[in-house]
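Residue numbers (our numbering): -4 to 286.
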């Protein structure tokens, strides 16, 4: 499939956004409970997020005919979702790198004003990340492509960010932080509960999408047949894995048993496999009205 660069780009960037927003919330809860996230852990995690975002951007260049001319897309800012996507991507990546450097230099620890400004700036970077995901989704929601011009596209992108991203961040946190704060248990329980709810919503919209495609138009019917005939095995596998991870996330979220790193890694791998299948189907079932 020639769309692999876009699969990698969208997944990596969405994971990095979800991970960053989770990180700033863990840091905030740690501060409130007076169990500060160590400087080393914060810097390493932010560097990892920046690298992941950069890897996604790099992958997207392989899809462009002339990568060096991609900056020209910004000339249509305000008229094109592609322009907005590139702008938000650049702002998000730059923001993460800047916040990493400031944290490394302990800039935010030198006075209350700097601490407040640092906190506000981190929140702004997180908001830019959310806007990036929205711009990504809107870019694909074309009236001429019925299978993409559905609420499922936006829901899929948002759910991917706020399931894979947080779990990846929690695994990284467990790896680099020796003393796990009490806030980690609260955040992890919340993340798993959120995963069970978000994944359930996404699964419902996926099934709904497939059922209505055949009743839209010829392009929708073509996408329906691709889902149910050519790629029916992958669709069924995606549904089965989705049900499995929903059950696991509900057990982890509402259960009292402590979640070890190995279980979290297995859960994330299942999520990632499902995301790859889903995103691959997203591009493979493309069908356009007209030519």
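C-beta atoms are modelled at their ideal positions from N, C-alpha and C, and glycine is treated no differently.
Cα-Cα separation, residue i to residue j
i, j, result
"residue 191", "residue 51", "26 Å"
"residue 148", "residue 22", "31 Å"
"residue 86", "residue 107", "26 Å"
"residue 284", "residue 145", "15 Å"
"residue 228", "residue 270", "15 Å"
"residue 288", "residue 166", "The structure shown does not extend to residue 288, since the chain is modelled only from -4 through 286, so no value can be given for it."
"residue 138", "residue 110", "46 Å"
"residue 132", "residue 211", "20 Å"
"residue 180", "residue 213", "50 Å"
"residue 206", "residue 154", "21 Å"
"residue 113", "residue 203", "43 Å"
"residue 159", "residue 105", "34 Å"
"residue 118", "residue 261", "30 Å"
"residue 136", "residue 235", "27 Å"
"residue 199", "residue 237", "11 Å"
8 Å Cβ shell around residue i - same chain, five flanking residues per side excluded
i, result
"residue 258", "247"
"residue 256", "166, 169, 170"
"residue 208", "141, 142, 215, 216, 218, 219, 222"
"residue 63", "Per-residue confidence for residue 63 stands at a pLDDT of 45, beneath the threshold of 50, marking its modelled position as unreliable; the derived number appears in the next sentence. If we look at residue 63 and ignore the five residues flanking it on each side, it has no Cβ neighbours."
"residue 20", "182"
Sequence-distant residues of its chain with Cβ nearer than 6 Å to residue i (five each side left out)
i, result
"residue 171", "36, 39"
"residue 291", "Nothing in the structure corresponds to residue 291, since the chain is present only between -4 and 286."
"residue 161", "13, 17, 186"
"residue 272", "229, 233"
"residue 88", "48"
"residue 80", "130, 131, 134"
"residue 241", "191, 194, 195"
Inter-residue CB distance, residue i and residue j (contact presumed, cutoff 8 Å)
i, j, result
"residue 134", "residue 201", "With 8 Å as the limit, residue 134 and residue 201 do not qualify as a contact, their Cβ atoms being about 20 Å apart."
"residue 249", "residue 188", "7 Å"
"residue 44", "residue 11", "5 Å"
Cβ-heavy atom distance, residue i to the ligand NAD, below 7 Å
i, result
"residue 96", "For the structure depicted, the ligand NAD is absent and the ligand set is empty, with no information on it obtainable."
Identity of the residue in the options nearest residue i by Cα
i, options, result
"residue 195", "181, 274, 132, 239", "239"
"residue 265", "256, 276, 233", "233"
"residue 182", "205, 198, 199, 157", "157"
"residue 231", "153, 276, 261", "276"
"residue -2", "54, 44, 33", "54"
"residue 120", "105, 136, 95, 154", "95"
"residue 116", "129, 93, 199, 101", "93"
"residue 4", "84, 197, 242, 99", "84"
"residue 34", "81, 75, 100", "100"
"residue 245", "193, 260, 199, 235", "193"
Residue j beta carbon less than 8 Å from that of residue i
i, j, result
"residue 8", "residue 126", "no"
"residue 90", "residue 123", "yes"
"residue 274", "residue 6", "yes"
"residue 278", "residue 2", "yes"
"residue 197", "residue 151", "yes"
Close Cβ partners of residue i (< 7 Å) along its chain, the five nearest in sequence each way excluded
i, result
"residue 0", "54, 55, 57, 58"
"residue 184", "248"
"residue 61", "Because residue 61 carries a pLDDT of 47, less than 50, the predicted location of this residue cannot be relied on, and no value is offered for it."
"residue 243", "262"
CB contact check: residue i to chain D, cutoff 8 Å
i, result
"residue 82", "Note that chain D does not occur in the displayed structure, where there is just one protein chain."
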